[in-house]
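Asks:
Residue numbers (this note's numbering): 539 to 642.
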């Protein structure tokens, strides 16, 4: 049975490598400085991806600006001021569950 899993993993790994190779081999010519710094043109069929990059950066910074103070304040409160009890135990279980889930 373990050998079957090895074969399945090898097939999946080979498929992944083939897909990545195909994307890199066919797409490397399209990625240049103009593509990265121009806005989309002609009804989003040509041009670049600058608005997508800027939007991703803004969204990430906004999430950090909101989550960082809340997370630090919660950690300080739970470790320094909160008395052990039912609510603190539930919050810690929730934090441990969130820590175990990938962010994607």
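Don't be surprised by glycine CBs; every beta carbon is placed ideally from N, CA and C.
How do the stretch 565 to 578 and the stretch 587 to 596 stand: do at least 3 beta-carbon pairs fall below 8 angstroms, yes or no?
Replies: In short, these stretches touch, since the Cβ pair count reaches three.
Asks: Reducing DSSP to helix, strand and coil, say where residue 609 ends up.
Replies: Three-state result, residue 609: helix.
Asks: Please state whether DSSP places residue 593 in a helix, a strand or coil.
Replies: In the structure shown, residue 593 sits in a helix (DSSP, three-state: H, G or I).
Asks: May I ask you to report which of helix, strand or coil DSSP gives residue 585?
Replies: Of the three classes helix, strand and coil, the one that applies to residue 585 here is strand, per DSSP.
Asks: Going by the DSSP bridge assignment, what does residue 578 pair with across the sheet?
Replies: According to DSSP, residue 578 bridges with 585.
Asks: Let's see if you can read the secondary structure: which residues bound the alpha helix (DSSP H) around residue 565?
Replies: Looking at the DSSP string, the run of the alpha helix (DSSP H) that includes residue 565 is 540 to 565.
Asks: Whole angstroms are fine: how far does the CA of residue 549 sit from the CA of residue 512?
Replies: Limits of the chain in this structure are 539 at one end and 642 at the other, which puts residue 512 out of reach.
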